[in-house]
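1 is the number of the first residue of the sequence shown in the UniProt record's numbering; add one for each residue after it.
Before any comments, here is the structure.
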Amino acid sequence: MTILLYYSVLLSLLIFSFTPLSQSESFLGVNYGQVADNLPPPEATAKLLQSSAIEKVRLYGSDPAVIKAFAGTGIGLMIGASNSDIPGMASDPTFAKNWIDANVVPFYPASKIIVINVGNEVMSYNDRNLMSQLLPAMQNLQSALDSAGLAGTIKVSTVHSMAVLRQSDPPSSGSFDPSIGDLLKGLLSFNTATGSPFAINPYPYFAYRSDPRPETLAFCVFQPNSGRVDTGSKIKYTNMFDAQVDAIRSALDGMGFKGVEIVIAETGWPYKGDSDEVGPSIENAKAYNQNLIAHLRSMVGTPLMPGKSVDTYLFAMYDEDQKPGPTSERSFGLFKPDLTMTYNVGLTKTSQAGVSENELQASLDYACGQGVDCSPIQPGGACFEPATVASHATYAMNLVYQKSDKNPLSCDFSQTATLTSTSPSYDKCMYPSSIS
């Protein structure tokens, strides 16, 4: 039986795939900020990330010590030219060439530089002069890459905030701020011509902070909720991340740039804040990041971009204790300076066959307690053989998935399961692809 991914997909146990999970997770990245005075050596960070499921790292600058530390790791690097570099880069091609000669040529290809971001959230600075210099700076940097013979392997882009959108709710009405429309069209034409991504920073955390109701929190951290129906498309959204990403997709499509790929350059949730801040907590941060990772791993995608996961860079690797502002600004780190986890969101690189029998038994017991028909895996049933916990749990977990109207967020089973487009049905044991 052929099962179509996303629209009709079976839940299959991780243990049936012996490919290491990390090999298929090139969509997972992390932001490595350095506004801190207590960070471990870059080499220690690179080694830590090699043992994790993270396959890409975004730097805000081009610190040579950090870039060099990732040499030979195979981890993809986004590096950055600062906002202050833009005027010189825009007005002088030699400036751009010198930048490439200093920050890329000595390290590539040993260090796997994949994207150079020119500036950060420039289009939200309300500095029209700087905004107008952004495209020429990107074009000169692209020309410098061409001259160095690197244009085919390293992309040039810039990172935007969600403030470039005039409207994002409902997602189908997503549109860009018309006051910067002409500038954005130039940037997006550049993205199209060079094949570089549209990088943006959506934060469901800020959406909850502006509407701190319990139902909004559940929607923002991927927990069970009643969902929100897009009045335009009639699509029901079950989480804010998908809604924000699809609003971006709608804005790009509406401007005529359907072929430009989206990259999530930042998204995260603070685990600590001041007494008057709404939302920061370890519980909320863990829920958001852990459930986001599970959502990306499912490869379900968003309603407007089904069947794939956008490259997503989690914010952040470490706390940055020198940042100004409220406590939350300094409390996004997934790891501590001593390289231990702030809280566990499942980023450890493990083989899928490493799921323990106790974990599978717990998932089996839970699944059969959810009002589904587990009789086929009872003695004499069509799916009883092979009589293993893994086989029985596979069948039962799929039943819960189908009963939940194929919502993977309703049944993540503590990350002992993943989605597959191949039916595990065998002999007379048929896995249902829907439950009325």
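Ideal Cβ placement from N, Cα and C applies to all residues, glycine included.
Check, Outcome
"Pro280 and Ser210 closer than 8 Å at C-beta", "no"
"Sequence ranges, beta strand (DSSP E) only - wholly within the stretch 241-329, length at least 3", "262-267 and 312-314"
"Rounded distance between the beta-carbons of Met123 and His160, thought under 8 Å", "6 Å"
"DSSP bridge partner residues for Leu28 (one or two, in chain order)", "Thr312"
"Sufficient close CB pairs (3 or more, under 8 Å) joining the stretch 88-102 to the stretch 131-141", "yes"
"Alpha-carbon spacing of Leu364 relative to Thr153, whole angstroms", "46 Å"
"Candidates Phe27, Ser62, Ala247 and Ser250: closest to Gly33 by CA position", "Ser62"
"Three CB pairs or more closer than 8 Å across the stretch 220-236 and the stretch 161-171", "yes"
"Limits of the alpha helix (DSSP H) - the one that Ala46 falls within", "Pro42 to Gln50"
"Any beta strand (DSSP E) of 3 or more consecutive residues that is wholly inside the stretch 63-95", "76-81"
"Span separating the alpha-carbon of Thr73 from that of Gly301", "28 Å"
"N- and C-terminal bounds of the alpha helix (DSSP H) containing Leu59", "Counting along the chain, Leu59 falls outside any alpha helix (DSSP H), though it belongs to the beta strand (DSSP E) covering Lys56 to Leu59."
"DSSP-derived helix/strand/coil call for Thr216", "helix"
"Burial state of Gly29, where buried means 16 or more other Cβ atoms lie within 10 Å", "buried"
"Rounded C-alpha distance that separates Arg228 from Glu43", "45 Å"
"Terminal residues of the beta strand (DSSP E) in which Asn120 lies", "Ile113 to Asn120"
"The stretch 391-406 / the stretch 363-381 touching (three or more Cβ pairs under 8 Å)", "yes"
"Classification of Leu187 by the beta-carbon crowding that lies within 10 angstroms, buried from 16 upward", "buried"
"Per-residue burial, Gly268 [other beta carbons within 10 Å of its own, 16 or more giving buried]", "buried"
"Alpha carbon of Phe241 to alpha carbon of Gln361, nearest angstrom", "32 Å"
"Boundaries of the beta strand (DSSP E) in which Lys155 is found, first to last residue", "Lys155 to Ser161"
"Rounded separation between Pro136 and Ala90 - CA only", "5 Å"
"Helix, strand or coil at Ala199 according to DSSP, with G and I counted as helix", "strand"
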